[in-house]
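*Asks:* Here it is: the structure, laid out below.
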Amino acid sequence: MKYLLIIAIVLLILWVARSSRRPPPPPPARPDGKTVQQPMIACAHCGLHLPSGEALPGRGGVFCGEAHRAAFEKAHPLE
Numbered sequence: 009m010k011y012l013l014i015i016a017i018v019l020l021i022l023w024v025a026r027s028s029r030r031p032p033p034p035p036p037a038r039p040d041g042k043t044v045q046q047p048m049i050a051c052a053h054c055g056l057h058l059p060s061g062e063a064l065p066g067r068g069g070v071f072c073g074e075a076h077r078a079a080f081e082k083a084h085p086l087e
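In the working numbering, the protein residues as written are 9 to 87.
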């Protein structure tokens, strides 16, 4: 029983010594700043929010796709 306790203490000391020598984890990656945040805008037809760079301009606002632009322009003809 005495030897089992000594072995356990030695293993505990080795484990603590090994874990203290380990280098700290690297810091989390920072964004490189190359991505530009775009404002979110709503589709005039369905209300879907999307980045302004992906929106399609049309009569009466901006739209999420060509189908919604055509549907809006068909529902709201020029007078």
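Note that the Cβ used here is the ideal one computed from N, Cα and C, for glycine as well.
Which partner residues does LEU86 have in the DSSP bridge list?
*Replies:* In the sequence shown, the residue the question calls residue 86 occupies position 78. Note: LEU86 sits in no beta bridge, so no partner.
*Asks:* Tell me, to the nearest whole angstrom, how far the beta carbon of VAL63 is from that of CYS54; I am working on the premise that it is less than 8 Å.
*Replies:* Locating residue 63 in the sequence shown gives position 55, where the first residue counts as 1. Locating residue 54 in the sequence shown gives position 46, where the first residue counts as 1. Checking the displayed sequence, the identity of residue 63 turns out to be Ala instead of Val. Going by Cβ atoms, the distance from ALA63 to CYS54 rounds to 12 Å, so no, they are not a contact pair.
*Asks:* At which residue ranges does the region 17-87 contain complete alpha helix (DSSP H) runs of 4 or more residues, listed in the order of the chain?
*Replies:* Qualifying alpha helix (DSSP H) stretches, in chain order: 74-83.
*Asks:* Is the distance from the Cβ of ALA52 to the Cβ of GLY68 below 9 Å?
*Replies:* Working through the sequence shown from its first residue, we reach residue 52 at position 44. Working through the sequence shown from its first residue, we reach residue 68 at position 60. Result yes, Cβ atoms of ALA52 and GLY68 sit closer than 9 Å.
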